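Numbering (UniProt numbering), first residue to last: 1 to 329.
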């Protein structure tokens, strides 16, 4: 069933049917009602490719993720995709990797697909190569970054104050009598460095700067939690608390502490980041920093849609993280 078939059955022109489909004014109520009933009766679906040729819009949004296996970022992408679909947009999700050159290649793919806008998930995309590629190839498209920011006229960033959140985590541990507080982190993204600075801020606030214990691990995985925990206990047997930059690493730390019969939280308290499902199902359940990923995703998707509708939006928005206290503290 085509637009011309609907027009013939309604006794109107194809342009009238098109105006009804696109909710344009200037159509009599009776005519609009008649056409809408026929559209519903025949389950008419507009050809988005044809509409795109007319409107110069593909209704396609590119979503770039550094690692689609990262469950925290996948959950955010799920929220974004679901919200965009409500507005009639289809999402193209690409696994861009952590190498800036691969990220640039992914941007070129999105350019070829003529996406209407781009969503970048995670601060890993906050680098010079991505910024250059977007400036040269996507200057006329809105670009929204979840948990990061790029200084471009068409870019918008939703940031989460993880630095202050980690500082609050140190405050909590200090209030529990912990004085030998360590930090396990995979450095490499702006977000990870903000967390590290929050840890250092917290120690300085309580006069514990000399007690700094930082364990760097290769990835943000449960295996890195194993590695970090073993290194931490081996090098610093005096440690009585540890903050992990991701819940998944905290889960690995808890596994090793249980194997070593180190009691949680009396001998060692554990704090994670993300407020993920891992923190809830862990035994004991993990005290964690809620960095508002669902809220970030919803806000980022809405800003993207609003920009595509021609609305003016602030280029940088900051959300505040909160601590969720559970059994590990």
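Positions of the beta carbon are idealized from the N, C-alpha and C atoms, including for glycine. Because the structure is a prediction, the values reported are computed rather than measured.
Shown here for residue 42: same chain residues with a beta carbon closer than 6 Å to its own, the five before and five after excluded, namely 1 in chain order. Residue burial is scored here from C-beta neighbours: residue 128 has fewer than 16 other C-beta atoms within 10 angstroms and is therefore classed as exposed.
Note on the segment 94–141: whole beta strand (DSSP E) runs with a minimum of 3 residues are 117–121, in chain order.
Straight-line measurement puts the Cα of residue 277 at about 15 Å from the Cα of residue 245. In the DSSP annotation of this structure, the continuous segment of the beta strand (DSSP E) that includes residue 161 starts and ends at 155–161. In this structure, DSSP gives residue 290 an extended state, which the three-state scheme calls strand. Rounded to whole angstroms, the Cβ separation of residue 289 and residue 162 is 7 Å, and the two are in contact under 8 Å.
As the crow flies, the alpha-carbon of residue 261 is around 14 Å from that of residue 240. Between residue 166 and residue 199, the gap from beta carbon to beta carbon is short of 7 Å. Taken atom to atom, the span from the alpha-carbon of residue 98 to that of residue 107 is near 13 Å. Secondary structure note for residue 62: its beta strand (DSSP E) is the uninterrupted segment 60–65. Contact check for residue 230 and residue 256: beta-carbon distance about 6 Å, within the 8 Å limit, so the pair qualifies. In the three-state scheme derived from DSSP, where H, G and I count as helix and E and B as strand, residue 272 is classed as strand. Burial check for residue 325: the Cβ neighbour count within 10 Å stays below 16, so the residue is exposed.
DSSP places residue 1 in the coil class of the three-state scheme, outside both helix and strand. Taking residue 114 as reference, the option from 88, 95 and 57 with the minimal CA-CA separation is 57. Around the beta carbon of residue 309, fewer than 16 other beta carbons lie within 10 angstroms, which makes this residue exposed.
In the displayed model, residue 217 falls within coil according to three-state DSSP, outside both helix and strand.
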